[in-house]
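K.L.:
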Amino acid sequence: MRGIRVTDYEPRPDAEPSLVEDCRVELLDVTHSDGAIVLSSKLARLTVRNSRIRVNADGINAIRAKVPDPTVAEGSTPPRLDCDNVTVTGSAANDSAIRIDERHGCVLDGLYVHQPGEDRDGIEFRRSTDNVVTNSVLDVTGQAVRLVNSTANVDASVSTNRRDGLQRW
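Below, the structure is given as structure tokens:
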């Protein structure tokens, strides 16, 4: 089950970015899902703007950007996810609120993430470089920003509830 899945069934490496705007998505009691908003491997870019996401289901991402298909990764539109003024709430535990895999140059601005479930990370980048997080509040029980073979500039305007909010691997 998912809320919104953004895809292009036939990968077009030069497709214009898609937009999810002014939406409310809730995953309250689901047994399995890739996420409340999912950017599929078949599409290069997505912007999520002015939206609210509530996830109560443990281990489910609020936003998930999957590894881009090779055709998409090699196209002229760089695969990335941008978020602007997005709120993530709910009691979900484990995993991360936002997970981004192999998409570079992502810009996350104006996030408010409050997920007090056990061992919940805020943003997780996997094999992603040159990302930026600004003007955000990341209130989670795990790591605020988890970098797995990734790089991100986490601006001083980002506040976390943890002293060791940035974790690198």
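Going by my numbering, the first residue of the sequence shown is number 286, and it counts up by one from there. For every residue, glycine included, the Cβ atom is placed at its ideal position computed from N, Cα and C.
Closer than 6 Å by C-beta to L423: which residues in its own chain qualify, once you throw out the five before and the five after it? Chain order, please.
P.N.:
For this step, residue 423 is matched to residue 138 along the sequence shown. Hits under 6 Å: V398, G407, A429, T445.
K.L.:
Which whole-angstrom value is the C-beta distance of A321 and V333, which I expect to be below 8 Å?
P.N.:
The count along the sequence shown starts at 1 and reaches residue 321 at position 36. The count along the sequence shown starts at 1 and reaches residue 333 at position 48. About 10 Å separates the two Cβ atoms, so there is no contact after all.
K.L.:
Q452 to R431, Cα distance in whole Å?
P.N.:
Translated into the one-based positions of the sequence shown, residue 452 becomes position 167. Translated into the one-based positions of the sequence shown, residue 431 becomes position 146. Since pLDDT at Q452 reaches only 48, below the 50 mark, its modelled position is unreliable, and the value read off the structure follows with that caveat. Whole-angstrom Cα-Cα distance: 5 Å.
K.L.:
Quick check: the Cα distance between I385 and S413, rounded to an integer number of angstroms?
P.N.:
Sequence index remark: in the sequence shown, residue 385 carries index 100 (1-based). Sequence index remark: in the sequence shown, residue 413 carries index 128 (1-based). The alpha-carbon atoms of I385 and S413 are separated by roughly 7 Å.
K.L.:
Run the CB neighbour count on D440, radius 10 Å, all protein chains shown included, and call it buried at 16 or more, exposed below.
P.N.:
As a working mapping, residue 440 is identified with position 155 in the sequence shown. D440 is exposed by the Cβ-count criterion.
K.L.:
Contact check, R411 vs V433 under 8 Å by CB: the rounded distance?
P.N.:
As a position in the sequence shown, residue 411 is number 126, starting the count at 1. As a position in the sequence shown, residue 433 is number 148, starting the count at 1. Going by Cβ atoms, the distance from R411 to V433 rounds to 5 Å, so yes, they are a contact pair.
K.L.:
State the Cα-Cα distance for the pair V371 and H317, rounded to the nearest angstrom.
P.N.:
As a first step, residue 371 is located in the sequence shown; it is residue number 86 there, counting from the start. As a first step, residue 317 is located in the sequence shown; it is residue number 32 there, counting from the start. Cα to Cα, the separation comes out at about 23 Å.
K.L.:
With a CB to CB cut of under 6 Å and the five nearest residues on each side skipped, what residues in its chain are close to S421?
P.N.:
Within the sequence shown, the letter at position 136 stands for residue 421. Once the five neighbours on either side are set aside, the close Cβ partners of S421 are L396, V443.
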